[in-house]
């Protein structure tokens with residue numbers, strides 16, 4: 006059994022470029038090096054030893070968000086995570102005019118939620134810009150931009166008298182129906198909308214990443230215009246059920262999670278999966294025989310097994326951390342693993 010790799014230097018070059026050092030790897034067997042460990046911390050990882058390989062990943066300080074005894078301290082921490090989440094959406098190009106919102110259940114009053122204000126670009130969101138919306142739809146705390154109906158009128162000429170109705174209608178019902186959901190995100194992304202515009206919207210299990218959504222992706226099949234009423238919000242929440250994400254027909258993507266990090270990671274991944282599926286099907290159709298003929302799908306049992314490894318809230322949290330590491334730099338921050346706590 007091969008256990009470790011050693012290195013050797015090699016110079017490569019061509020007639021028109023100088024030689025440069027390149028690192029290559031040679032494998033050594035057990036006779037060359039015997040891996041030993043006297044404790045978990047001293048472990049030398051060996052091929053085929055899952056206990057050793059997963060030792061550090063099972064650490065609760067890394068696989069789940071930090072816990073706070075003070076709900077006000079938790080509020081400050083989570084608001085900052087929500088602001089960073091908005092920046093991440095901007096980095097991925099998820100801003101589409103005034104559409105799109107991410108909500109966070111308030112740890113002080115769990116019946117209320119924080120949300121980005123209507124009309125402010127994702128890239129501009131700071132902690133102090135976020136607004137707190139009560140269960141009844143009133144803006145009760147937040148930044149300068151609290152009344153979000155500045156000069157806006159309906160097509161019939163009557164003014165809009167409440168804050169971002171779509172954000173409230175969708176997210177209030179979702180948070181009410183799903184006490185396990187602390188964060189939810191909705192946006193009109195390019196590839197998500199393309200998938201949602203199809204006669205039969207849905208994802209096929211094409212690659213490992215798709216399996217995160219194995220039997221965990223709902224479809225809201227009807228489109229009734231801009232979501233402004235509570236009954237449509239309830240219909241969306243009902244369609245989502247206990248799943249992590251939904252395709253909203255002729256509309257966009259919706260993702261819900263226990264943590265801000267998992268919600269962001271799953272949303273980014275869902276949009277990428279929509280893109281990959283469109284590319285794969287287009288490439289298959291270009292080869293003749295139709296998209297279905299040339300695209301290979303993962304078997305149901307394999308997809309289930311992959312979902313059991315990659316589909317958990319803990320794995321979603323881990324997936325989100327690298328995204329937060331990059332976005333933290335916009336705030337001039339660099340924390341350990343992007344968790345927003347101790348500095349690196």
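Numbering (the numbering used here), first residue to last: 6 to 349.
Ideal Cβ positions, reconstructed from N, Cα and C, are used throughout, including at glycine.
Around the CB of residue 75, fewer than 16 other CB atoms lie within 10 Å, so the residue is classed as exposed. In this structure, DSSP gives residue 214 a helical state, which the three-state scheme calls helix. Here residue 200 carries a helix assignment [DSSP, helix/strand/coil]. The C-beta distance from residue 105 to residue 99 rounds to 6 Å, short enough to meet the 8 Å contact threshold. Taking every protein chain shown into account, the CB of residue 183 has 16 or more other CB atoms within 10 angstroms, so this residue is buried. DSSP, reduced to helix, strand and coil, places residue 194 outside both helices and strands of the structure shown, so it counts as coil. Note: residue 146 is bridge-paired with 137 in the DSSP secondary-structure output. The continuous beta strand (DSSP E) containing residue 260 extends over residues 257–262. Rounded to whole angstroms, the gap between the alpha carbons of residue 223 and residue 247 is 9 Å.
Bridge pairing for residue 104: 101 [DSSP]. DSSP, read as helix, strand or coil, puts residue 110 in strand. DSSP places residue 340 in the strand class (E or B) of the three-state scheme. For residue 271, the enclosing alpha helix (DSSP H) covers residues 265–291. Boundaries of the alpha helix (DSSP H) around residue 85: 76–96.
Judged by beta-carbon spacing, residue 201 lies within the 9 Å limit of residue 253, meaning their Cβ atoms are closer than that value. By the beta-carbon neighbour count (other beta carbons within 10 angstroms, threshold 16), residue 242 is buried.
Excluding the 5 residues flanking it on each side, residue 226 has same chain C-beta neighbours closer than 7 Å at 254, in chain order.
For residue 320, the secondary structure class from DSSP, reduced to helix, strand or coil, is helix.
Nearest neighbour of residue 107 by Cα position, chosen from 115, 123, 79, 113, turns out to be 123. In its chain, beyond the 5 residues on either side, 191, 192, 193, 194, 197, 198, 201 have a beta carbon closer than 7 Å to the beta carbon of residue 257. When the five nearest sequence neighbours on each side are left out, the beta carbons in the same chain lying within less than 6 Å of the beta carbon of residue 95 are those of 127, 128, in order along the chain.
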